[in-house]
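Participant: Okay, so the sequence shown: first residue is 1 according to UniProt numbering, each after it adds one. Cβ coordinates follow ideal geometry from the N, Cα and C atoms, glycine included. A quick note: this is a predicted structure, and the numbers were derived from the prediction, not measured. Quick one: the structure is below, and I'll ask about it shortly.
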Amino acid sequence: MVLFDRVPPVQVIPTPDDELFEYLYEPDDLASITTSLSSNSATNYRFENGRRYHGYKEEAWPVPNDERQQNQMELFHQVYSLRLSGRLYLAPITQNPRKILDVGTGTGIWALEVGDLYPNAVVIGNDISPIQPRWVPPNVKFEIDDFNEPWVQPQGTFDFVHAREVHGAVEDWPQFCREAFKVLKPGGWIEVAESAVQLASDDATLPLDCALNSWLRNISDGFEQLGCTAVVGPHIEAWLRGAGFEHVRVEVFKLPVGLWPTDKTERDIGAFNLLNMIEYVEGASLQIYTKVLKKSLDETRKSIMDVQAEFKRKDFHMYIPYYVAYARKPLSSI
Numbered sequence: 001m002v003l004f005d006r007v008p009p010v011q012v013i014p015t016p017d018d019e020l021f022e023y024l025y026e027p028d029d030l031a032s033i034t035t036s037l038s039s040n041s042a043t044n045y046r047f048e049n050g051r052r053y054h055g056y057k058e059e060a061w062p063v064p065n066d067e068r069q070q071n072q073m074e075l076f077h078q079v080y081s082l083r084l085s086g087r088l089y090l091a092p093i094t095q096n097p098r099k100i101l102d103v104g105t106g107t108g109i110w111a112l113e114v115g116d117l118y119p120n121a122v123v124i125g126n127d128i129s130p131i132q133p134r135w136v137p138p139n140v141k142f143e144i145d146d147f148n149e150p151w152v153q154p155q156g157t158f159d160f161v162h163a164r165e166v167h168g169a170v171e172d173w174p175q176f177c178r179e180a181f182k183v184l185k186p187g188g189w190i191e192v193a194e195s196a197v198q199l200a201s202d203d204a205t206l207p208l209d210c211a212l213n214s215w216l217r218n219i220s221d222g223f224e225q226l227g228c229t230a231v232v233g234p235h236i237e238a239w240l241r242g243a244g245f246e247h248v249r250v251e252v253f254k255l256p257v258g259l260w261p262t263d264k265t266e267r268d269i270g271a272f273n274l275l276n277m278i279e280y281v282e283g284a285s286l287q288i289y290t291k292v293l294k295k296s297l298d299e300t301r302k303s304i305m306d307v308q309a310e311f312k313r314k315d316f317h318m319y320i321p322y323y324v325a326y327a328r329k330p331l332s333s334i
């Protein structure tokens with residue numbers, strides 16, 4: 001596992017570019033495909049077992065979109081930021097990007113921070129749930145869209161396409177990579193950050209037959225039965241190359257879970273990640289266990305409690321292998 005400190009510092013253009021922002025005020029000619037944030041279908045939420053789920057294409061994503069789940073997403077963003085020493089990405093993108101796409105933006109926190117970093121770039125975040133803030137900087141825009149459908153963004157217009165933690169939601173990863181290739185400018189970059197949906201331990205303190213490993217297998221199997229790939233990290237390099245990308249680089253990091261590391265930075269990451277995973281377990285499990293794996297609600301809740309208890313075990317020196325892959329669209333691409 002290697003941590004990298006070689007990414008050059010980002011720079012911000014000091015003067016505004018009015019022409020660039022005209023895009024944000026034009027009529028949305030994609031309205032028939034991209035749903036607005038105020039759409040009734042998007043905000044007609046469903047409630048099950050005390051949790052709230054999205055309404056737009058309601059069977060597409062079995063994880064809640066309520067405040068608890070949003071807090072979990074932002075906890076993970078904190079884990080990610082600590083792991084990358086405050087960096088939002090690793091790809092060596094142009095220092096003056098004009099258009100950035102955040103695919104599966106979730107709460108929109110990454111898009112908002114990148115928008116602050118590049119105030120003269122248009123940053124677009126899309127998702128199937130309208131949980132992003134309504135009041136945003138003028139260079140940030142959120143859209144309701146399903147990235148499993150053909151992408152509606154104009155071809156060859158983005159400098160950077162970013163996707164993080166969308167595993168389990170993508171039906172066809174090779175096609176996902178091809179769609180990203182299509183909307184990028186020649187020389188533009190894609191970055192995909194995903195876990196391997198597994199736990200590891202360097203000192204063999206994590207038993208193979210523990211509840212945690214059983215839970216991970218069930219979650220992966222459940223998403224596979226829904227037609228989506230849960231395990232992305234180990235395969236993303238091949239998918240990017242198959243789509244035509246060059247200069248593909250994959251960096252693997254450890255995300256400790258718990259307070260077991262002795263190093264302060266690792267311990268801080270472990271503390272935030274422990275809170276993240278304890279909260280994640282219920283949201284990821286409820287519908288997968290009850291609707292896909294056909295387990296009773298009582299059995300599901302017991303499994304959730306068992307997994308949460310094992311995450312809290314101080315003698316399990318565990319971490320999540322985390323893959324960050326980035327690649328460039330060839331300059332010669334048309």
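1. Sorted by chain position, which residues of the same chain lie with C-beta nearer than 7 Å to N276's C-beta, five sequence neighbours on each side aside?
2. Which residues in the same chain have their Cβ closer than 6 Å to the Cβ of residue 338, if we skip the five residues on either side of it in sequence?
3. Could I get the ranges of all uninterrupted alpha helix (DSSP H) runs contained in the region 174-232, with 4 residues as the minimum, in chain order?
4. What does a CB cutoff of less than 8 Å around residue 344 pick up in its chain, not counting 5 residues either side in sequence?
5. I'd like the list of long-range same chain contacts for E149, defined as Cβ closer than 7 Å, with 5 residues on each side in sequence excluded.
6. Measure the alpha-carbon distance for G125 versus G104 and round it to whole angstroms.
7. Check whether the Cβ atoms of I219 and A284 sit closer than 8 Å, and answer yes or no.
8. Excluding the 5 residues flanking L88 on each side, which residues of the same chain have their C-beta closer than 8 Å to its C-beta?
9. Can you tell which of F223, C177, L259, K291 has the C-alpha that lies nearest to the C-alpha of F245?
10. Could you pull the DSSP bridge partners for I320 from this structure?
11. Looking at C-alpha atoms only, which residue of V136, W173, Q70 is the closest neighbour of G242?
12. Tell me, to the nearest whole angstrom, how far the beta carbon of S195 is from that of P321; I am working on the premise that it is less than 8 Å.
13. State the DSSP-derived secondary structure class of D145, mapped to helix, strand or coil.
14. Compare the Cα-Cα distances from Q225 to each of A180, D306, I288 and report the closest residue.
Facilitator: Result, derived from the coordinates:
1. Q72, L75, F76, V79
2. Lying before the first or after the last residue shown, residue 338 is absent from the chain, which here runs from 1 to 334.
3. 211-225
4. No statement about residue 344 is possible, as the shown extent of the chain runs from 1 to 334 and does not include it.
5. none
6. 7 Å
7. yes
8. S81, W110, E113, V114, L117
9. C177
10. L255
11. W173
12. 7 Å
13. coil
14. I288
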